[in-house]
Amino acid sequence: MALMLYGIAAECGDAEVAGKGQSEYIATRLNPVSGVDTAGVHIHTCYCDLMLSTARKLRAEMPCQRRPRSQTRQPPAKDMPAVPAPPVEQGTRTLEAPIAQARVVQRVVWRASPAARPATRIVDTQNVHDHSVVAASKTNVAQMIKKHGDLELTPDVLLEVRNLAAGNTNALAILTNLSNAKHTTLGVSEKQALAHVWRTISDKTDETLQTNMKETLTQRLGECIEHDLPVCSTGRFVRILATLDGVYDDAVKPLRPMWAVRDEVATLAGQVREDVLANASPADAEAYDNGTSEKLSSKMRQELTLRAVGVYVDELDMNAGVLQGVLAPYMNAM
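Here the UniProt record's numbering is used: the first residue of the sequence shown is 1, the next is one more, and so on.
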């Protein structure tokens with residue numbers, strides 16, 4: 001697979017990219033992958049196959065710019081003695097009538113430029129690799145391990161989940177291919193994560209809540225396939241754990257992607273501004289509107305920072321530097 005990728009790169013019209021691809025191709029041929037690197041979990045090649053297929057199509061539509069070939073230079077001619085010109089005959093010069101010939105007009109065919117190819121961006125729509133989402137998932141797993149201990153997905157539980165997901169082809173496909181390998185960040189496998197979520201659902205005493213959570217789990221498993229392709233391991237983890245979002249105890253943190261954090265911070269900044277202005281004196285409010293005083297602006301910044309840190313840093317374990325970047329535009333506007 002690596003040789004095919006480097007081969008496509010070596011045919012690129014960019015000389016720098018082509019040279020890099022050719023050098024990597026040669027290095028891979030001379031130094032094959034050792035057995036140690038292939039001893040891990042099998043990685044699906046469907047994404048790479050799709051990329052190779054797209055690259056070949058694009059390469060076939062691009063004109064091939066061949067490099068100039070070297071030309072053999074003719075040896076310089078030797079000095080030869082001058083040959084006298086033949087004598088010019090003196091006589092009467094006559095003009096011959098031109099021979100009529102059909103006029104040939106070459107037809108110019110204009111080729112239409114290739115239409116813009118529709119771009120398909122195959123990305124995870126739930127942005128599962130955000131720092132806040134991964135951190136919250138790690139905390140949730142740690143809390144469930146502390147409560148349930150080390151769990152394994154037993155065959156009877158897997159059969160019960162499969163029966164629950166009957167009719168959802170995407171969910172059944174994911175259940176068939178759940179991995180036993182431990183996630184490097186979360187510390188558990190996909191099957192273990194499903195076992196913890198199922199134990200949490202089974203522990204609920206409210207039958208209505210338990211039924212709703214089982215339906216949510218089926219939906220989350222079905223969402224693990226997007227664009228007819230399975231999402232990455234982190235995406236499957238986040239979706240399975242998101243079944244408990246909003247219904248688990250307070251120890252487990254909700255999973256919140258960055259786009260949701262930005263929207264919530266924008267709403268929070270507006271609320272802080274209204275609250276501060278509502279409690280301010282008319283003179284301070286007028287000075288704030290005229291831009292002649294920083295008193296209320298400083299108070300707004302302090303209040304927004306206090307509320308945001310309490311929610312996103314203390315509760316969600318978000319990195320303080322990441323949160324500062326989200327707050328910066330609203331701090332400057334206050």
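We treat Cβ as the ideally placed atom computed from N, Cα and C, and that holds for glycine.
Note that the coordinates shown come from a computational prediction; the quantities given were computed from them, not determined experimentally.
Going straight from the alpha carbon of Lys191 to that of Gly310, what length do you get?
Counted from its first residue, the sequence shown places residue 191 at position 191. Counted from its first residue, the sequence shown places residue 310 at position 310. Roughly 33 angstroms between the two C-alpha positions.
Could you work out which residue in Arg56, Thr243 and Thr139 is closest to Asp314 when comparing CA atoms only?
Numbered from its first residue, the sequence shown carries residue 314 at position 314. Closest option to Asp314, Cα to Cα, is Thr139.
Can you find the residues in the same chain that come closer than 8 angstroms, C-beta to C-beta, to Thr45, ignoring five residues on each side of it along the sequence?
Along the sequence shown, one-based indexing puts residue 45 at 45. Cβ neighbours of Thr45 beyond the five flanking positions: Met1.
Decide yes or no for the touch test of the segment 211 to 222 against the segment 266 to 275: beta carbon pairs closer than 8 angstroms, at least 3 of them.
no
Kindly give me the distance between the Cβ atoms of Ala195 and Met318, rounded to whole angstroms, as I take these residues to be in contact under 8 angstroms.
Locating residue 195 in the sequence shown gives position 195, counting from the first residue. Locating residue 318 in the sequence shown gives position 318, counting from the first residue. Actually they are not in contact, since the Cβ atoms of Ala195 and Met318 sit about 28 angstroms apart, beyond 8 angstroms.
Is Glu226 helix, strand or coil when you go by DSSP?
For the purposes of this step, residue 226 is taken as residue 226 along the sequence shown, with counting starting at 1. Strand at Glu226.
Helix, strand or coil: which one does DSSP assign to Val313?
Here the question's residue 313 lines up with position 313 in the sequence shown. Of the three classes helix, strand and coil, the one that applies to Val313 here is helix, per DSSP.
Considering only the beta carbon of each residue, do Met4 and Leu50 sit closer than 7 angstroms?
Indexing the sequence shown from 1 puts residue 4 at position 4. Indexing the sequence shown from 1 puts residue 50 at position 50. It is not a contact, given that the beta carbons lie outside the stated cut-off.
Flag this pair as yes or no: are the beta carbons of Val197 and Ile225 separated by less than 7 angstroms?
What you label residue 197 is simply residue 197 of the sequence shown in a count that begins at 1. What you label residue 225 is simply residue 225 of the sequence shown in a count that begins at 1. No. Outside cutoff.
Assign Gly235 to one of two classes, buried (16 or more other C-beta atoms within 10 Å of its C-beta) or exposed (fewer than that).
On the sequence shown, residue 235 is found 235 positions in, with the first residue counted as 1. By the 10 Å Cβ count, Gly235 comes out buried.
DSSP state of Asp245, grouped into three classes?
Position 245 of the sequence shown holds residue 245. Residue state, collapsed to three classes: coil.
At what residue ranges does the segment 163 to 209 contain a whole run of the beta strand (DSSP E), taking only runs of 3 or more?
Listed in chain order, nothing qualifies, since the segment 163 to 209 has no complete beta strand (DSSP E) run of 3 or more residues.
Which same chain residues, not among the five before or five after His148, have their C-beta less than 7 angstroms away from its C-beta?
For the purposes of this step, residue 148 is identified with residue 148 of the sequence shown, where counting begins at 1. The answer, listed in chain order, is His196 and Arg199.
By Cβ distance below 7 angstroms, which residues in the same chain neighbour Met334 in space, the five residues on each side in sequence not counted?
In the sequence shown, counting from the first residue as 1, residue 334 sits at position 334. The residues are Arg273, Ser297, Met300 and Arg301.
Report back the beta-carbon spacing between Leu186 and Val133 to the nearest angstrom; my notes put them in contact at under 8 angstroms.
Locating residue 186 in the sequence shown gives position 186, counting from the first residue. Locating residue 133 in the sequence shown gives position 133, counting from the first residue. That belief does not hold up - the Cβ atoms of Leu186 and Val133 are roughly 11 angstroms apart, past 8 angstroms.
Among the residues of its own chain, which have a CB less than 6 angstroms from the CB of Val36, if the five just before and after it don't count?
As a working mapping, residue 36 is identified with position 36 in the sequence shown. Annotation note: pLDDT 45 at Val36 (below 50); position unreliable, no value reported.
What is the residue span of the alpha helix (DSSP H) that Glu303 lies within?
Locating residue 303 in the sequence shown gives position 303, counting from the first residue. Looking at the DSSP string, the run of the alpha helix (DSSP H) that includes Glu303 is Lys295 to Ala308.
Thinking C-alpha only, which one of Lys214, Met213, Tyr330 and Cys232 is nearest Ser179?
Position 179 of the sequence shown, counted from the first residue, corresponds to residue 179. Residue Cys232 is the option with its Cα nearest to Ser179.
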